[in-house]
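Q: Following this message is one structure expressed as structure tokens.
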Amino acid sequence: MTQVPRFDIPADRLPALLCAMPKAELHMHIEGSLEPELIFALAQRNGVAIPYASVDELRQAYAFTNLQSFLDIYYAGASVLLKEQDFYDMAWAYLERAAADNVVRTEMFFDPQTHTARGVDVKVVIDGLHRACVDAEATLGVSAALILCFLRHLSEEDAFETLEQALPHRDKFIGVGLDSSEVGHPPEKFAKVFGRCRELGLHLVAHAGEEGPPAYVWSALDVLKVERVDHGVQSARDPALMARLAQDRIPLTVCPLSNLKLCVFPDLKAHNLGTLLDAGLVATVNSDDPAYFGGYMNENFLQTFAATGLTAQHAWQLAANSFEGSFIDDAAKAGYVDRLNATFARFSA
Ligand code: HPA
Ligand SMILES: [Zn+2]
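Residue 150 in our numbering sits at position 127 of the sequence shown, with consecutive numbering throughout.
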């Protein structure tokens, strides 16, 4: 799936093409899709107090300087989620938004420990999210799956306990990931629990190289044996790592607006997505925490292409990469690439 077909797309049609093309989202934290309006509505419904007087005041607090400054607000926002219906409503709002952006497949992260620590049963979390996934397939035509993330600032023992709690619901999630505060919590801290998940046949991914060094990407690959690296943009600092990622076709789930809002790059023009693609890496575009970072999928594509001058060929490659990197079968991947090609043909001169 590496040969990029030649398409002659007039430059003024590129933004509409970015929006219309079918795409997969492989890096999105469902708790990061909670819009301030929904946080306030759920707070009221559940009688949960939040330390902001209004939706505007909450939105104004979304000025981040690094990953940790975001995580503090993100975990506070998730505190309004208590009941199965809350998890359903959150996921459904995202899935409708994804469908509008022509996302045809999404693999959504969720953070059970953020909820179990507040006394919410993991079954409540998984059932609500999973019901929304089932409904999305049936009524929106969006294929949706769940990936359980361990919080890396907590212990490996805690991760094992979370896995045990989730295993009765094994049929409702396809894999595990690793998120939260990266620096100081290297992937190898979770070697044993990822080894166990591998034995269980779960797909494996991990955040690495968002703020952390290339060494964390190496250990995500070699110790955790992940199939995809979430973010991974710091890999560009290590030529041997770039060669390894290209050689093994390890997808990087890049999140440009997240990187901008968390000051990983000073501006979008300086983003290295084009460098990663031109080096032959299986890079993809994703929204990460769209309610907090100023945009869902199409906004990520539009702003990044406007700032960096990426072309229609890059757009095709990014969408094709998103299908290649997804955890769907080869026949489904081929079907999505056919739809991608049909969209490009429609926009060609
Ligand atoms: O971008 C992220 N990085 C790490 N943890 C996260 N949890 C939500 N979003 C993120
Ligand atoms: Zn993330």
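Here a beta-carbon is modelled for each residue, glycine too, at the ideal position from N, C-alpha and C. As the structure is a computational prediction, the values presented were derived from the model and not from experiment.
Under 6 angstroms: does the beta carbon of D95 sit that close to some heavy atom of ligand 2?
A: D95 Cβ: outside cutoff for every heavy atom of ligand 2.
Q: For the candidate residues P279, D301, R82 and F288, whose alpha-carbon lies nearest to that of L268?
A: That would be D301, whose Cα lies nearest to the Cα of L268.
Q: Quick test of your reading: R362 and P45, contact by CB under 8 angstroms. State the CB separation rounded to the nearest angstrom.
A: Contact holds; Cβ gap of about 5 angstroms.
Q: Quick one: Cα of G70 to Cα of F324, how far?
A: If I take the Cα positions, the gap works out to 38 angstroms.
Q: Just to check, is the beta-carbon of D352 closer than 6 angstroms to a non-hydrogen atom of ligand 2?
A: Checking every heavy atom of ligand 2 against the Cβ of D352, none is found closer than 6 angstroms.
Q: Answer with buried or exposed for T162, where buried requires no fewer than 16 other C-beta atoms within 10 angstroms of its C-beta.
A: By the 10 Å Cβ count, T162 comes out exposed.
Q: Give the straight-line distance between the Cα atoms of E48 and T366, rounded to the nearest whole angstrom.
A: Going from the Cα of E48 to the Cα of T366 covers about 18 angstroms.
Q: Go through its chain and collect everything with a Cβ distance to G218's Cβ below 7 angstroms, but skip five positions before and after it.
A: Excluding positions up to five away in sequence, the list is empty.
Q: By how many angstroms is the C-alpha of T185 removed from the C-alpha of V165?
A: Spanning the two alpha carbons is a distance of roughly 28 angstroms.
Q: Alpha carbon to alpha carbon, how far is A259 from Y239? Give it in angstroms, no decimals.
A: Cα to Cα, the separation comes out at about 13 angstroms.
Q: Comparing the CB of D134 with every heavy atom of ligand 2, is any distance shorter than 6 angstroms?
A: Not so, every heavy atom of ligand 2 lies at least 6 angstroms from the Cβ.
Q: List the endpoints of the continuous beta strand (DSSP E) containing I44.
A: Sequence inspection shows Met at residue 44; the Ile mentioned does not correspond to that position. Premise fails: M44 is in no beta strand (DSSP E) and is neither H nor E.
Q: Can you tell me which of I149, T137 and Y315 puts its alpha carbon nearest to the alpha carbon of D79?
A: Measuring from the Cα of D79, the nearest candidate turns out to be Y315.
Q: If I'm right that G198 touches F350 with Cβ under 8 angstroms, what's the distance once you round it to whole angstroms?
A: About 7 angstroms separates the two Cβ atoms, so the contact holds.
Q: Rounded to whole angstroms, what's the CA-CA distance from M24 to V305? Just pull it up for me.
A: Note that M24 has pLDDT 48, beneath the 50 cutoff, so the model's placement of it is unreliable and the number below is only indicative. C-alpha separation (whole angstroms): 11 angstroms.
Q: I'd like the list of long-range same chain contacts for C286, defined as Cβ closer than 8 angstroms, with 5 residues on each side in sequence excluded.
A: Here the set comprises F87, T88 and N89.
Q: Is G224 buried or exposed, if buried means 16 or more other CB atoms sit within 10 Å of its CB?
A: Burial call: exposed.
Q: To test your reading of the DSSP string, which unbroken beta strand (DSSP E) runs of 3 or more residues are found completely within the stretch 179–217?
A: As far as the stretch 179–217 is concerned, its whole beta strand (DSSP E) runs of at least 3 residues are 198–202.
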